[in-house]
Each structure stands twice: as C-alpha cells, then as structure tokens.
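Novice: I'd like to ask some things about the structure below.
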Amino acid sequence: MNKTEALNKIEQLVEYYKKNIETWESNANKEAEARKEFIDGFFEALGWKISGLPESMSADDRDVLVEYSLKVEGETTKSLDYIFKIKNRHQFVVEAKKPSENLDNPKHVFQAKSYGFLSKIPFVILTNFKEIRIYDISTKPNFNQINEDLIFSCTYDDYIDKFDYIWNNFSKEAVFEKSLVKLFTDRRDDLDIDLDATDYNYILKKGELLLDTVFLKDLELIRLNIAQSIFQETSDELSEKEINEATQRLLDIIIFIRFLEDNEIEDIERLRVLIDNSEDDFVDSLKNLCSELNLKFNGLLFHEYPLFDKITLNKEIIKDNILKLYYPESPYNFSKISIEILGRIFEQYLAKRITIIDGNISLEIKPEIKKAGGIYYTPEYIVDEILNDTLDLFLSDKSPNEEFEISKIIDFSCGSGIFLIKSYKRIIQFYESNSSSLSPELLFIDSKGSINLTMESKKNLLQKNIFGIDIDSQAIEIAKMSLYFTMLENFNEDNSPKPLLPSLDKNLICGNSIVDLSFFDNYSEASIDTINIINPFTWADEGLNKFDVIVGNPPYLRIQLLEELYPEEYQLFLKTKYDFAFSNFDLSILFVEKAISVLSPTGKIGYIIPNTVLRAKYGEKFREIISNNKLLSKIVYFNDYQVFGNSTTYTCLFYLDAEQTESNELKYFNLEDPENDFQDEAQVPSIFDKDTLGSSPWYFAASEIHDKFIENISNNSIPLKDLSNLKKVFVGLQPSINNVFLLEIVEENESFITCYSKALDSNHIFEKGLIKKMVKGSKNLFRYKISTNRVLLFPYENNLTTNKSELISETVLKATYPKTWKYLKKCKTILNEKEALKGNDFYKFIYKKNHLLFDSKKILLPSLCFGSRFSIDINGEYYFTGSGEGGGGGYGLILNHEENDYNYYNILGILNSKVISALIELKGSPKSGGYKGIDRTFIHSIPLPILNSERKTQIAQEITTKTEKLNNLYAEVQSIAIKRLVSQLENQIDTLTLELYEIVDSGIINLINELND
1 MNKTEALNKI
11 EQLVEYYKKN
21 IETWESNANK
31 EAEARKEFID
41 GFFEALGWKI
51 SGLPESMSAD
61 DRDVLVEYSL
71 KVEGETTKSL
81 DYIFKIKNRH
91 QFVVEAKKPS
101 ENLDNPKHVF
111 QAKSYGFLSK
121 IPFVILTNFK
131 EIRIYDISTK
141 PNFNQINEDL
151 IFSCTYDDYI
161 DKFDYIWNNF
171 SKEAVFEKSL
181 VKLFTDRRDD
191 LDIDLDATDY
201 NYILKKGELL
211 LDTVFLKDLE
221 LIRLNIAQSI
231 FQETSDELSE
241 KEINEATQRL
251 LDIIIFIRFL
261 EDNEIEDIER
271 LRVLIDNSED
281 DFVDSLKNLC
291 SELNLKFNGL
301 LFHEYPLFDK
311 ITLNKEIIKD
321 NILKLYYPES
331 PYNFSKISIE
341 ILGRIFEQYL
351 AKRITIIDGN
361 ISLEIKPEIK
371 KAGGIYYTPE
381 YIVDEILNDT
391 LDLFLSDKSP
401 NEEFEISKII
411 DFSCGSGIFL
421 IKSYKRIIQF
431 YESNSSSLSP
441 ELLFIDSKGS
451 INLTMESKKN
461 LLQKNIFGID
471 IDSQAIEIAK
481 MSLYFTMLEN
491 FNEDNSPKPL
501 LPSLDKNLIC
511 GNSIVDLSFF
521 DNYSEASIDT
531 INIINPFTWA
541 DEGLNKFDVI
551 VGNPPYLRIQ
561 LLEELYPEEY
571 QLFLKTKYDF
581 AFSNFDLSIL
591 FVEKAISVLS
601 PTGKIGYIIP
611 NTVLRAKYGE
621 KFREIISNNK
631 LLSKIVYFND
641 YQVFGNSTTY
651 TCLFYLDAEQ
661 TESNELKYFN
671 LEDPENDFQD
681 EAQVPSIFDK
691 DTLGSSPWYF
701 AASEIHDKFI
711 ENISNNSIPL
721 KDLSNLKKVF
731 VGLQPSINNV
741 FLLEIVEENE
751 SFITCYSKAL
761 DSNHIFEKGL
771 IKKMVKGSKN
781 LFRYKISTNR
791 VLLFPYENNL
801 TTNKSELISE
811 TVLKATYPKT
821 WKYLKKCKTI
831 LNEKEALKGN
841 DFYKFIYKKN
851 HLLFDSKKIL
861 LPSLCFGSRF
871 SIDINGEYYF
881 TGSGEGGGGG
891 YGLILNHEEN
901 DYNYYNILGI
911 LNSKVISALI
921 ELKGSPKSGG
931 YKGIDRTFIH
941 SIPLPILNSE
951 RKTQIAQEIT
961 TKTEKLNNLY
971 AEVQSIAIKR
981 LVSQLENQID
991 TLTLELYEIV
1001 DSGIINLINE
1011 LND
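Position 179 of the sequence shown, counted from 1, bears residue number 179 in the UniProt record's numbering, the numbering being contiguous throughout.
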C-alpha cells in the first residue's frame, strides 16, 4: 500500500468511527473489538501486516507481534498489544485502549512508558484510535508526568492533516529506511550515528541503554542512603570495610526479594508488607524473613550474617528507599530486566566503594578503576561471540549426561559474572534441546507443553559446570546472585527438593587467580595489608584442577600501574612465576598463561585482550611460547574500534585450542565494526600458517601484494636495531603527573618564564634554569618540523662525578629556584595522591629513564602517526614524553657517530619516504582518528637497505644532502616557490628510496602510492 492508498484507508476508518461514535465510546465496548476494527486497520494502512497470517507462522517471521506477554507493575500478567519489528529487531510498541478510556489516565501512560524504559525500544505509542500519543522515552518514567517525553499527539479528526508525520516516521516503508533511528538521533544532540552502519539499534553509547544509567544512579543513591543509616546508628562499632559489606548484603537481599516477587516466585510486595508491619527494628524483621526464605532457597544471601547483629537502621530511611523499587514510585520490573543488563549495571556499581572521610559517607571510584581508565565491561555481543567459538564448539560433539558434568567452565576474573551467566544459559539450552536422551524425572513440562529442566537439574548443572574467580569479594557476591537469578528464570514449581539454590562456595571464589600460596615461600613476612591486597590462594586447595572452557575479559594493567597500585612483592612474584611477565608486560597476558596451565586436553580458551601484545616488545615471550605450542586457532582483530565505549583500549579476540596442536591453520579476521560484522555470515577469514609465527611481531597482511611489498623491502636489508652506529632508540619522559610538570608558555624574558599550569588552573612564574622545551608526540611532531608552545619543569641535574641524573634537593631549589619551589609546594597535595610521592621527594618522577639522553642530537619519532612524520632535533634542545604504542608520547633515536654510511639525515629521509610511510600504514596498529601506532619494537624492525654497492652508497649520500636541504627549507616561511622546491626534493628522495630498496614491481609501487594517498 502506497502513501496515497494509506491516506484513503485511514480516511475511511475515521468516517466509520464518526458514524458509530456513540457505540465505540460506550463503556460496553470491548478493547479487543475496537482494536480489531480500528487499530489493526490503522497500522495495516501504514504497511504493517497484522491479520490474515497463518497461525503456524513463527514469531521470528512476523513483522508485528500481537498480545506479547508482559508483566506490568501493580497488575497481574497482561499482554502488550503490539510490537513492530524490522529484521527481527523491535522498533516501536503500541499499547491499545478502548475508545472510552481516557488516555490522560497516568496509569495508562506510566504502563506504556515503563515498557519502553525497560527495553531497547524508546518509541511507545498509546492509542484508543480516538487519540494517538507517541513517546520517545529519554527519561525515567514518573507516574504523574503524562506529557514527559511526548513527541506527538493528535485526535482522530486530525489524522488526515497530520498524516505526513505519521507516514514519514511509522510506516513500514519509512521504518525500514531507518526513520526512527534518525528521529532517535535528532532528539539527542550528543549522538553521532552513522545510519548506514546502524542495524536498527537504539543506544546512547556503545552497549549502553537509558535503563543502565538511570537504574545505576538509583542503586547508588539507595546504597549511599543505607550506608549513611548504618553509619549514623553504628559508626563506633563498624569499620569502613564492614559498612561496605553490610550495605552490599542488605541491598543484594532487597534486590533478590524484588526479583522473586516480580517473577511470581514469592508473594508480591513481601518487602513492602514487611516494612509496614515491622515495629522499630527492621533488621530483626528482615532476618526473620531471610530465615524463612533460606529454608526454600538456601543460597548465599539468606544465610545468617554476623554483621546484621551489629547494625541498626532508621526505619523511615529504609522504607523510603525500598519504596523506590515499587510501583508507582518506580518503573522497575525485575521480571522484564534481563540478567545481562543487570550484570552490566552491577559491573558499573562495583567500580565504586563507600568511603568515610571526616565523618562523612560518600561513594568514590576505586583507585585501581580510576587509574586504569575506567570500567572494561564486556559487551554482550563480544561475550556471545567468544562463547560461540569456545563453549558451543566444545559441546558440538557432546550429548547430555545425567551426571550433569558436561563442560567445566571458568572465568578467572568474573566480575559480576556476564560470561558465567551466558555460559550457564547455554548449557541449560543444550540440555533442554537434547532432552530426549534424559530421564523424565529430570524434566518438567510446562502449561504450554515446553520441555524444561527441573529446578534440581538446573541446580546440578550450575554446581558442576560453572566456576569463577575474582579478587573483589563484592563481585563474587553479585556474580552468585546473578547466577541464582539465571537459575530461577522461567521458574517452575516442580517437585525439586528444597532448598532450591545450591551452595556456590566452591564454584565462585574470592581470590587472586594468578598468585597462589607459593607466594609465602619467599614473602612469609609480608604484612597483613599486603596479604589482603594480593589475596593469594592455591587452586588445588579449592578443588579446581583442569577446565574445558576458559573465557573472559582479564584486567588490563601495564606494569607501570601495577607498580603504583600494588605492593612490590606482587610484581616480584609475578616476574618469577610467569614466563609471559616480560619487559613492561600487561597483566592480562598472565591470565592467558594461567589458563593454558589448567586447560584440559580437549579444552578451549577465548579471551578479549589488548591487541598490542601481537606486536609490542612486552609480548615477545607470549608470542614465542604461544607459537611453539601451536595452541593458537583464531584471532579476531578490531583495528581502532572501541569495544569498551569511553575507555580507549585497542583489543582483539584471542582463541587457543588444546586440540589444535597438530593443525598449522590459523584463522584471522580483521573487522572494522564487530557488532555488525559478527552478524555477517559472509565474513571469510584469512588463513595463515602457524609455522610463520614466532617471537617477532605478528603482522597479518591482507593480500599477496602486501606480502610481496614486505618481502621486497626486507630483502638485502637489516633491521634498524642492527645498525652498527645506532646508540639507542629510547622512550620519552614519564612525569609523575603530567598536568603538574607539563606547562604552556604565557610570556618570558631573559631570566623568568610565565607558564599556565593545568594542575592549578592558573599562571605561575618560573626560573628558566629548570624549564625545557617540550613536545608531545603526535601533537607537536611533524615531517621535518617541530611546533610547540609546551615546556617541561625538569627538577633534575646531571651529577658530573657519577654521570647520573639526580633530583635537585629542596635546599637547592629554595636557594636557587625559589619561584619554582613555591609552585611545587602548591602542587604537593596533588602529587601526594600517588603513594610513591609521599615524602620529601614528592616532586620526583616515578620512572627515571633516559634523563641524560635528551640533550643529544636526535631523530624524534611520535608513537601516533599519519604515515611518516619524523623530525630532527639538531641542537638537542627538545624533551618529550613517553608512552607505549599509540599513546601521546614518542621516541628518540641517537647514533654513536656519523662516520658510517648511515647518518641522521639519510635515516630521517628514508623514514619520511613513501616506502616507510606505506609500511607504517600497513603494519602500524590502527588507532582512533585514522592514526597508526608504533612502538620501539616497530622502530627497531624498520628495514634499512644494506649499502653493499657503490651505487647504493652514492644514493645514501644523495639522500643525506637532499634531506638536510629539505629540513632547512621546512624551517622557512612556506612561500609558493619554497613549497615547489620542497615537493621536488621529497619526490626525488622517494625515487632514490625506491631504488635503494630495489623496488621495481609496478604492483608494489602502486600499493605504496595508494597507502600514501
């Protein structure tokens, strides 16, 4: 039906309604009759097929689901009238009422809006045909706010005049063309969504729903209120740690009981009744309820909890906060919030802890979370993909057994348990899909005829197959609760023995996955604080041996942060215990090594880890051992795609398979947009031979011509690190806190310089003696050019006797640099936030590296590049910050002497040539904004031609001359004439470089040009 036909159809419906208006608006008229006569017809006119479909058609094949089962707060289970879909993704919902119903009734509006809020569907239509109201749910629904989020409304007599809006946004034709995605985006100014890349999803940020942010905010408020109540009543008796634990347990119990109520496993509003009927001591009443529930459910939450004997709560405060989770104060319905969404919210919840400062309770981000750059919660689509290639493959040749031991699964850093929740669901589905091989007493047939496992069967599956470890006790408590939620989903009141829930004390354990009790062999005198922070335990003591499926998202923490956050004993133990703990390692790869050590002979490992390990120096041992044992089966590389939303981390999926040891085939996927690419069945992997891998950086060329290019420039060349006169490629400085030591010039004279300090947000005067010119990698380094307004406060001097850099003493600073000392004193509080900077030397740099090299002549290489962008510091006057691959810093290259055929200028010319620029584009790590990341390993590996002929030596000399001239020209004002000369010299250097590398293949030359465009 086209637009004109649709308009005619709706005109007919309006006329029919007018002729019989008294009949339709009488209370005797039923909703179903009005819906069939008018609302079905209204949306069928918009192109949606509702009636006349065969009953046998599956829900997946229908564009409109009618009478979709839904439980709404304050009511028994009802049906949501319509859900409209495109490509099986829900687009908008319609709540239908009979014409006699007043749509101003807050109950109707709240009911409809709550569904949109609890789902991924922001667009909700409430209609009785007499009137239509369209909402775009962008705020938490409140009971009496009937016009909040209302974006369109009209009565039946305006349908014709306002038909364009309805057709252009809600016709099937328009929705298919993503009209609602556009409407959603246009109403949210902070969103920038590529409609072509958006597969009918409505998200605020990657993996985030409105529900996430609002429910988390409400949970945090309730958590804070409970903690304040505990603190006010019992502050002298409980420590900060105990207040955290007691608050957590209370909140978990409240949420669990609300889950039982909304899923009709327990009587509704038990908590509300409890708070109304309890006298003064709510805690005693809650303990009695927990004792009652413990007989039926068992589980962690309802056991006796010693801290409850110590706390007193203000009844009114607790009542107010519990009511925030009930209708009509709240839209939350725990039967409609998926366990996965709850897990995502809980993971963010775990990032904060309750702190007591000067007698005040507050919620603060945990230091380790703050310093690591945020929460790395694994999106559902990543979890699903990892389980597809691990658990599903492991189960593919298995049959259910009645001992329920099918696949021992573990997540070493389980957090709130998302990998475990989804693994458990898949095992349940595996058993129920293959139920014909099971005894009838293990199964339950529900009222719809569906075959389900009994609660006892689910209990056995959970206890025998699902395992998790986490260093955070609160995470373990939440993971247990989430798994209990999962077990109780689709609850059936069968004859399973009570209590229903298993003990998970041997399944989910609070401990350090990578530090066992051998820690005490060398550190028996470790302090109690150190032991509590590191939390060692031995696997064997907990009954954990080998595992079939090991999955997860291990913590990403480079050694520098590890040193800052944890006791020294921790790092020393890891470096002696793990082969992968090499150079500036990332903690995540030690979890891979631990996984390999406990993998069963037929087991599979699937992790999401930083992709820098594929090329960085710290990954050498990792790559060597992984290559030698031939466990690697698949890599999924995400380029610069940010899986974790706001946390900038470059990742890949990494799969190991114990049964792959005889296979040399490695599958490699390179994905630009994994969330959508995973849905594309046409994705074909590149296949590589494992024998080609070793400890050297792993580069996976996308085509034969790429391979030929790499082979061509590597022939008759040596890696830059083997250059005979190379002194060092060194990393930049790492000030303790950049904002204190990195300053911006405001003005200067012969003796003093005025600079802006971001740390203090003000200008300050400094003596010039300790101020150095400063560059930050990609922001200040360009081809043959350095541009900066930055300076570095460098409180060090060279001891001529020891030839070492030493921190200038407080005495000398006060006497010689009083203005600088005054500034440092003002920054002391900021610097003292770092544990290592508490003391008299609070202004030192934590990592003291390469201090004496910065005054040397050097080539400057940023760690973030758009192709080649290298420059030379002829006078040794620039200092620079350090970072790893893709950070904001860079590297310096110093030669011992220049008598060799290679010198600063011809090396610089070759590095800035199209050949090396193409190499960077091909082998550099993709980063945000189109940049490519390089590190010292990459720089060391750059091939330089062996000058083994008179002609090559001559070429090297010509490049030297032209590069020096080019470098001088870049310092001049760029007039048209100079620009022409610069272009000519660059082209000449490119031509000479092609000859030096003996590149004559037209295909390779075309590739080089393409990569430089």
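Where a beta carbon is used, it is the ideal one built from N, C-alpha and C, also for glycine.
If you draw a straight line from the C-alpha of Ser-359 to the C-alpha of Ile-476, how long is it?
Specialist: Within the sequence shown, numbered from 1, the residue matching residue 359 stands at position 359. Within the sequence shown, numbered from 1, the residue matching residue 476 stands at position 476. The question names Ser, yet the displayed sequence has Gly at residue 359. About 29 Å.
Novice: Over the uninterrupted alpha helix (DSSP H) stretch that includes Phe-519, give me the two end residues.
Specialist: Indexing the sequence shown from 1 puts residue 519 at position 519. It spans 519-522 - the alpha helix (DSSP H) in which Phe-519 sits, taken as one unbroken run.
Novice: For Lys-773 and Leu-743, what's the separation of their Cα atoms in angstroms?
Specialist: Working through the sequence shown from its first residue, we reach residue 773 at position 773. Working through the sequence shown from its first residue, we reach residue 743 at position 743. Spanning the two alpha carbons is a distance of roughly 10 Å.
Novice: Taking the C-alpha atoms as reference points, what is the distance between Pro-601 and Glu-659?
Specialist: Within the sequence shown, residue 601 is the residue found at index 601, counting from 1. Within the sequence shown, residue 659 is the residue found at index 659, counting from 1. When rounded, the distance between both Cα atoms is 7 Å.
Novice: In angstroms with no decimal places, state the Cα-to-Cα distance between Glu-131 and Pro-379.
Specialist: In the sequence shown, counting from the first residue as 1, residue 131 sits at position 131. In the sequence shown, counting from the first residue as 1, residue 379 sits at position 379. If you take the alpha carbons of Glu-131 and Pro-379, they lie about 40 Å apart.
Novice: Can you list, in chain order, the residues of its chain whose CB lies under 8 Å from that of Val-14, leaving out five sequence neighbours each side?
Specialist: The sequence position of residue 14 within the sequence shown is 14, counting from 1. Result list for Val-14: Tyr-156, Asp-157, Tyr-159 and Ile-160, in chain order.
Novice: DSSP state of Asp-187, grouped into three classes?
Specialist: Start at 1 with the first residue of the sequence shown, and residue 187 comes out as number 187. Position check: residue 187 holds Arg in this sequence, whereas Asp was assumed. DSSP places Arg-187 in coil when its eight states are reduced to three.
Novice: Once the 5 residues before and after Thr-454 are set aside, which same chain residues still bring their CB inside 7 Å of it?
Specialist: The residue you call residue 454 lines up with position 454 of the sequence shown. If we look at Thr-454 and ignore the five residues flanking it on each side, its Cβ neighbours are Leu-442, Leu-443, Phe-444, Asp-494 and Ser-496.
Novice: Does DSSP classify Met-1 as helix, strand or coil?
Specialist: Position 1 of the sequence shown, counted from the first residue, corresponds to residue 1. DSSP places Met-1 in coil when its eight states are reduced to three.
Novice: Tell me which same chain residues have a C-beta within less than 8 Å of the C-beta of Leu-853, skipping the five on either side of it?
Specialist: Stepping through the sequence shown from its first residue, residue 853 is reached at position 853. Cβ within range, chain order: Lys-728, Phe-730, Gly-892 and Ile-894.
Novice: Relative to the C-alpha of Asn-321, which residue among Glu-220, Leu-46 and Ile-635 is closest?
Specialist: Locating residue 321 in the sequence shown gives position 321, counting from the first residue. For Asn-321, the nearest C-alpha among the options comes from Glu-220.
Novice: Where do the ends of the alpha helix (DSSP H) carrying Pro-588 lie?
Specialist: By one-based count along the sequence shown, residue 588 stands at place 588. The residue asked about is misnamed: residue 588 is Ser in this sequence, not Pro. Where Ser-588 is concerned, the enclosing alpha helix (DSSP H) stretches over 588-597.
Novice: Closer than 7 Å by C-beta to Ser-330: which residues in its own chain qualify, once you throw out the five before and the five after it? Chain order, please.
Specialist: Numbered from its first residue, the sequence shown carries residue 330 at position 330. Counting only Cβ-Cβ distances below 7 Å, and skipping sequence neighbours, we find Lys-324.
Novice: Count the C-beta pairs between the stretch 222-230 and the stretch 288-296 that are closer than 8 Å, then say yes if the count reaches three, no if not.
Specialist: The stretch 222-230 vs the stretch 288-296: no contact.
Novice: Taking only runs that begin and end inside the stretch 559-637, name each unbroken beta strand (DSSP E) of 3 or more residues, in chain order.
Specialist: DSSP runs (the beta strand (DSSP E)) wholly in the stretch 559-637: 599-610 and 632-637.
Novice: Taking only the alpha-carbon atoms, compute the straight-line gap between Thr-754 and Asp-761 and give it to the nearest angstrom.
Specialist: Start at 1 with the first residue of the sequence shown, and residue 754 comes out as number 754. Start at 1 with the first residue of the sequence shown, and residue 761 comes out as number 761. In a straight line, the C-alpha of Thr-754 is about 13 Å away from that of Asp-761.
Novice: Just how far apart, CA to CA, sit Tyr-881 and Pro-926?
Specialist: The residue given as residue 881 occupies position 881 in the sequence shown. The residue given as residue 926 occupies position 926 in the sequence shown. Sequence inspection shows Thr at residue 881; the Tyr mentioned does not correspond to that position. Answer to the nearest angstrom: the Cα atoms are 21 Å apart.
Novice: Pull up the CB-CB distance for Tyr-17 and Phe-129, whole angstroms please, since I reckon it's below 8 Å.
Specialist: Counting from 1 along the sequence shown, the entry for residue 17 is found at position 17. Counting from 1 along the sequence shown, the entry for residue 129 is found at position 129. About 7 Å; that satisfies the 8 Å criterion.
Novice: Does the stretch 853-866 come within contact of the stretch 923-941, defined as at least 3 CB pairs closer than 8 Å?
Specialist: With the cut-off at 8 Å, the stretch 853-866 and the stretch 923-941 touch.
Novice: May I have the straight-line CA-CA distance separating Ala-526 from Ile-533, to the nearest angstrom?
Specialist: The residue you call residue 526 lines up with position 526 of the sequence shown. The residue you call residue 533 lines up with position 533 of the sequence shown. Using only the alpha carbons, I get a separation of about 11 Å.
Novice: Could you compute how far the alpha carbon of Glu-347 sits from the alpha carbon of Leu-216?
Specialist: Numbered from 1 along the sequence shown, position 347 holds the residue referred to as residue 347. Numbered from 1 along the sequence shown, position 216 holds the residue referred to as residue 216. For Glu-347 and Leu-216, the distance between alpha carbons rounds to 10 Å.
Novice: Between the alpha carbons of Glu-620 and Ser-696, how many angstroms are there, rounded?
Specialist: By one-based count along the sequence shown, residue 620 stands at place 620. By one-based count along the sequence shown, residue 696 stands at place 696. Cα to Cα, the separation comes out at about 7 Å.
Novice: Rounded to a whole number of angstroms, what is the C-alpha to C-alpha distance between Glu-75 and Ile-21?
Specialist: One-based indexing of the sequence shown puts residue 75 at position 75. One-based indexing of the sequence shown puts residue 21 at position 21. Because Glu-75 sits at a pLDDT of 46, beneath the cut-off of 50, its placement in the model cannot be relied upon, and the point is left open.
Novice: Taking only beta-carbon positions, decide if Ser-437 is within less than 8 Å of chain D.
Specialist: Given the protein chain composition of this structure (a single chain), no chain D is represented.
Novice: Could you tell me the alpha carbon to alpha carbon distance between Ile-428 and Phe-92, rounded to whole angstroms?
Specialist: Stepping through the sequence shown from its first residue, residue 428 is reached at position 428. Stepping through the sequence shown from its first residue, residue 92 is reached at position 92. About 31 Å.
Novice: In or out: Glu-266 buried (at least 16 other Cβ within 10 Å) or exposed?
Specialist: Looking up residue 266 in the sequence shown gives position 266. Label assigned to Glu-266: buried.
Novice: Can you grab the Cα-Cα spacing for the pair Gly-694 / Phe-688, in whole Å?
Specialist: Residue 694 sits at position 694 when you count from the first residue of the sequence shown. Residue 688 sits at position 688 when you count from the first residue of the sequence shown. Roughly 13 Å separates the two Cα atoms.
Novice: Whole angstroms are fine: how far does the CA of Lys-398 sit from the CA of Ala-759?
Specialist: For the purposes of this step, residue 759 is identified with residue 759 of the sequence shown, where counting begins at 1. For the purposes of this step, residue 398 is identified with residue 398 of the sequence shown, where counting begins at 1. Whole-angstrom Cα-Cα distance: 60 Å.
Novice: Measure the C-alpha to C-alpha separation of Ser-335 and Leu-342 and round it to an integer number of angstroms.
Specialist: Numbered from 1 along the sequence shown, position 335 holds the residue referred to as residue 335. Numbered from 1 along the sequence shown, position 342 holds the residue referred to as residue 342. So the alpha carbons of these two residues sit roughly 11 Å apart.
Novice: Restricting to Cα atoms, I'd like to know which of Val-746, Arg-615, Leu-733 and Val-740 is closest to Tyr-699.
Specialist: On the sequence shown, position 699 is the one that residue 699 refers to. For the residues Val-746, Arg-615, Leu-733 and Val-740, the minimum Cα distance to Tyr-699 belongs to Arg-615.
Novice: Would Ile-361 and Val-549 qualify as a contact pair, given that the criterion is a beta-carbon distance under 8 Å?
Specialist: Residue 361 sits at position 361 when you count from the first residue of the sequence shown. Residue 549 sits at position 549 when you count from the first residue of the sequence shown. No. Outside cutoff.
Novice: Kindly identify the DSSP beta-bridge partner or partners of Glu-95.
Specialist: For the purposes of this step, residue 95 is identified with residue 95 of the sequence shown, where counting begins at 1. For Glu-95, which the question treats as bridged, DSSP gives the partners Leu-126.
Novice: Would you mind reading off the limits of the beta strand (DSSP E) that contains His-764?
Specialist: Working through the sequence shown from its first residue, we reach residue 764 at position 764. Looking at the DSSP string, the run of the beta strand (DSSP E) that includes His-764 is 762-767.
Novice: Since Pro-610 and Thr-648 should fall inside the 8 Å C-beta cutoff, what is the C-beta to C-beta distance between them, to a whole number of angstroms?
Specialist: Taking the sequence shown and counting its residues from 1, the one referred to as residue 610 is at position 610. Taking the sequence shown and counting its residues from 1, the one referred to as residue 648 is at position 648. That belief does not hold up - the Cβ atoms of Pro-610 and Thr-648 are roughly 11 Å apart, past 8 Å.
Novice: In this structure, does DSSP put Gly-694 in helix, strand or coil?
Specialist: Here residue 694 refers to the residue found at position 694 of the sequence shown. Gly-694: coil per DSSP, three-state reduction.
Novice: Using a 10 Å radius around the Cβ and a threshold of 16 neighbouring Cβ atoms, would you call Met-57 buried or exposed?
Specialist: Here residue 57 refers to the residue found at position 57 of the sequence shown. That one is exposed.
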